[in-house]
Amino acid sequence: MPYHLLPLLLSLFFSFPMHAQPYDLVIKNGRVIDGTGNPWVYADVAVRNGRIIQIGTVNSADAKRIIDATGLVVAPGFIDVHTHVESSLEAQPGAPNFVHDGVTTIITGNCGSSRINLRTYLDTLRIKGVSVNVGSLIGHNTVRVKVMKMVFREPTAREQADMETLVEQAMKDGAVGLSTGLIYTPGTYAKTTEIVHLAKVASRYGGLYASHIRTEGQNVKTAIEEAIQISREARIPVEISHFKVASKPLWGKSPETIEMVEAARREGLDVTVDQYPYTASSTTISSLLPSWALADGDSAVLGRFHDPASRAKIREEMLKGLKQSQRKNFDYAVVASYRPDTTFNGLSISAINQKLGRKNNAAAEADLVMDLMERANMRSTQMVYHIMAETDVETILRYPNTMIASDAGVAKLGVGMPHPRAYGTNARVLSRYVRERHIIHLEEAIRRMTSLPAQRFRLTDRGLLRPGYAADIVLFDDKTVSDEATYDQPHAYTKGISWVLVNGTPVVENSKHTGQRPGQLLMGPGYIK
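Under the working numbering, the first residue of the sequence shown is numbered 29, with each subsequent residue one higher.
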């Protein structure tokens, strides 16, 4: 059956009321926003066996359960296309920070980092049970480390073939595509040709290419062009992850980077972007160092820290980067989680430097970064970087092909000082950028969170409120929904989202997590059982 006909046939099949069985539940009296971008309408939504059966005027006399949505918006569950849950979802299968923010489906394996054996990983989640639907990319960094470890060189022909074999197997195991983190090691060591060949494999199995591009700073345009080139040469759809302008001298240039995406689309290339609606990013502390310094494993990195000449070179390049970004010190870099000393959590590198009584200059702060890495696992310390301008955030949000994504994992309530996006990404769009600042309309915001990501990741029966579609549904009060998480107090669940259904089962009921785990594993088009 042609792929594009499936949603239509499902819709036709379920378009008429069926009364042979009672509805499992009916949502009544809500303002339905269906995910297309069309205006809201008053309608009832009937659900049976995890599917939407009817939308319109529903006779609920024989419904097993009725949810009164008076005063609430009824929308498709939100789809978060950029998450990192490999190390956290198994420990917290309820994914509370996601579901309280209205998320019913997540895509993980981003930024080049995934589980190498996706079949085993997804089977583990299936057996354990999770509260959200999960799809995964296969990460280039993960594949490269498996074949080449952390060496700083091009692959041999044999190594390239081995990486392609791993990507092919992952696609057969259910991967929805290939991801890269070209700003991270060892991805930063890879040349474009290496990625093109891997992307061609993912393309053959109907996957897409999702990239944390090589840089988001001074050379961001070159990095965007590389992603577009990979789309062109591999003939694969491209998703540019957490699209931003992270260099202070380039603040305000986002119309130019958006135009690059639009030019690619006019050429016929399928390129889209996603963003988190904040002016700060979050990643590991190692991103402050030049990539060459991180090659060949932790022992080699430690050796460079201890070698005076290598340490001086690292320090020099870190200071050069500061100068290029028009910054005097590292006060923009804030520790989110530092296990050896939790009193550092929430403090900037500059503040920690002063707390320790070190010299008050950028060179001393660069040395402190290396010392902090040495005390902890080299790459484990999580940071928050205040590097973007609000004007660019708003400009990118206005772009119709921008999806909303958290770039977060499953947060453990009260632990560390994580980026607030882990708790409030979708609510922040709905409250700050829709209700308060009027950057986009409510229906358009919902489209960006639902049908657009479903289309991007080929989730053929999700992202819309349509008969026959999976009953992933969120109910919220558009007048009060708000993100409560802040940089200073990040551990706070979203307010105003009262119900979240995943495959027809409430996982949030009257704003409380039910503990249910009805999530499904979403396999890519190349999946072979």
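Glycine included, each C-beta is placed from N, C-alpha and C at the ideal position.
Counting only C-beta atoms, is residue 281 closer than 9 Å to chain C at any point?
Of the protein chains in this structure there is only one, and it is not chain C.
At which residue ranges does the stretch 170 to 236 contain complete alpha helix (DSSP H) runs of 4 or more residues, listed in the order of the chain?
185 to 200 and 220 to 232
Should residue 29 be labelled buried (16 or more other beta-carbon atoms within 10 Å of its own) or exposed?
Its pLDDT being 45, under 50, residue 29 is placed unreliably by the model, and the measurement read from it follows with that caveat. With fewer than 16 Cβ atoms within 10 Å of its Cβ, residue 29 is classed as exposed.
Is residue 478 closer than 9 Å to residue 492 when the C-beta atoms are compared?
yes
Are at least three pairs of beta-carbons, each pair with one atom in the stretch 258 to 266 and one in the stretch 499 to 519, less than 8 Å apart?
no
Can you give me the Cβ contacts of residue 44 inside the same chain, cut-off strictly under 7 Å, excluding the 5 residues immediately before and after it?
With a pLDDT of 46 at residue 44, under the threshold of 50, the modelled position of that residue is not reliable, and the figure given next carries that caveat. Cβ within range, chain order: n/a, list empty.
Residue ranges of each beta strand (DSSP E) run of no fewer than 3 residues wholly in the stretch 288 to 335, ordered along the chain?
299 to 303 and 308 to 312
Compute the Euclidean distance between the alpha carbons of residue 25 and residue 231, then round it to the nearest angstrom.
Absent from the model: residue 25. The displayed extent of the chain is 29 to 557, so no value can be given.
Residue range of the alpha helix (DSSP H) that includes residue 398:
390 to 403
Residue 481 and residue 306 - do their beta-carbons sit closer together than 9 Å?
no
Find the nearest neighbour of residue 173 within the set 148, 140, 204 and 185, judged by alpha-carbon distance.
140
In the DSSP output, what is residue 161 paired with across the bridge?
133
Cβ atoms of residue 110 and residue 433: under 9 Å apart, would you say?
yes
Quick one, which of 464, 415 and 490 has its alpha-carbon nearest residue 108's?
490
By the three-class DSSP mapping on this structure, what secondary structure does residue 548 have?
coil
Express the C-alpha separation of residue 430 and residue 302 in angstroms, rounding to a whole number.
5 Å
Considering only their Cβ atoms, is the gap separating residue 401 from residue 358 smaller than 9 Å?
no
Could you spell out the range, first to last residue, of the alpha helix (DSSP H) harbouring residue 380?
377 to 383
What residues in its chain sit with their C-beta under 7 Å from that of residue 32, if we drop five residues either side in the sequence?
Since pLDDT at residue 32 reaches only 48, below the 50 mark, its modelled position is unreliable, and no value is offered.
Give the single residue among 531, 494, 52 and 62 whose Cα lies nearest to the Cα of residue 90.
52
What's the C-alpha gap between residue 224 and residue 290?
21 Å
Which whole-angstrom value describes the C-beta separation of residue 133 and residue 487, a residue pair presumed to lie in contact below a C-beta threshold of 8 Å?
7 Å
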